């Protein structure tokens, strides 16, 4: 059981995720205590993907590559990686979601569901958020990042 020290459990959880990701990045060792917290049998990389929920119990949706710039098509996502956090304000990297057929999922479209996600990839798009505006967080399996089978 994790005991949170701050007033906001979402903020505390994202701070802990950030610490774990940084420990894995710095160590790079599959036998470190931090990677063992994520998986006792294999190194899962440097990303713990998560979803944050609004006060209406809806996943927070962000948009990447608005205007279809050279980096690829515009997309929506509910999946994030924490890049930085200070005083409950976080820089979150958008993770783009694909189904098993490598089709980009659109979370503003009723036909695409979170359960359709087969693979997540890091993008170059980030947003700044106030974590005090969210009521819940759900951590996902790190094996979703760059999954191939």
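Numbering (the working numbering), first residue to last: 26 to 174. Glycine is no exception: its CB is placed at the ideal position from the N, C-alpha and C atoms. None of the values given here were measured: they were computed from a predicted structure.
Can you tell which of 38, 82, 81 and 99 has its C-alpha closest to the C-alpha of residue 89?
The residue among 38, 82, 81 and 99 with its C-alpha nearest the C-alpha of residue 89 is 99.
Can you tell me the Cβ-Cβ gap for residue 131 and residue 101, rounded? I've got them flagged as a contact below 8 Å.
The pair is a contact, with the Cβ atoms about 6 Å apart (cut-off 8 Å).
Extent of the continuous beta strand (DSSP E) run through residue 106:
Per DSSP, residue 106 belongs to the beta strand (DSSP E) from 104-111.
Close Cβ partners of residue 46 (< 8 Å) along its chain, the five nearest in sequence each way excluded
Here the set comprises 71, 72, 73, 106 and 107.
What three-state label does DSSP hand residue 56 in the structure shown?
With a pLDDT of 41 at residue 56, under the threshold of 50, the modelled position of this residue cannot be trusted; read the value that follows with caution. Coil at residue 56, not helix or strand.
By DSSP, does residue 175 sit in helix, in strand, or in coil?
Given a span of 26 to 174 for the chain in the structure shown, any question on residue 175 remains unanswerable.
CA-CA distance, residue 124 and residue 34?
So the alpha carbons of these two residues sit roughly 31 Å apart.
Assuming residue 151 and residue 172 make a contact with CB atoms under 8 Å, what is their CB distance in whole Å?
Residue 151 to residue 172, Cβ: 22 Å. No contact.
Rounding to the nearest angstrom, what Cα-Cα distance links residue 169 and residue 32 in this structure?
Straight through space, the alpha carbons of residue 32 and residue 169 are spaced by roughly 30 Å.
Exposed or buried, what is residue 91 when buried is set at 16 or more other beta-carbons lying within 10 Å of its beta-carbon?
Residue 91 is classed as exposed because its beta carbon has fewer than 16 other beta carbons within 10 Å across all chains shown.
Assuming the contact rule is C-beta atoms closer than 8 Å, residue 80 and residue 160 should be a hit. Round their C-beta distance to whole Å, please.
Residue 80 to residue 160, Cβ: 5 Å. Contact.
With a threshold of 7 Å on Cβ separation, who are the neighbours of residue 157 within its own chain once the five nearest residues in sequence on each side are excluded?
The answer, listed in chain order, is 33, 36 and 113.
Terminal residues of the continuous beta strand (DSSP E) containing residue 127?
Premise fails: residue 127 is in no beta strand (DSSP E) and is neither H nor E.
Could you say which of 121, 127 and 162 lies nearest to residue 76 if we only look at CA atoms?
In terms of CA proximity to residue 76, 162 leads the group 121, 127 and 162.
Starting from residue 147, trace the beta strand (DSSP E) both ways and give me its first and last residue.
Where residue 147 is concerned, the enclosing beta strand (DSSP E) stretches over 144-155.
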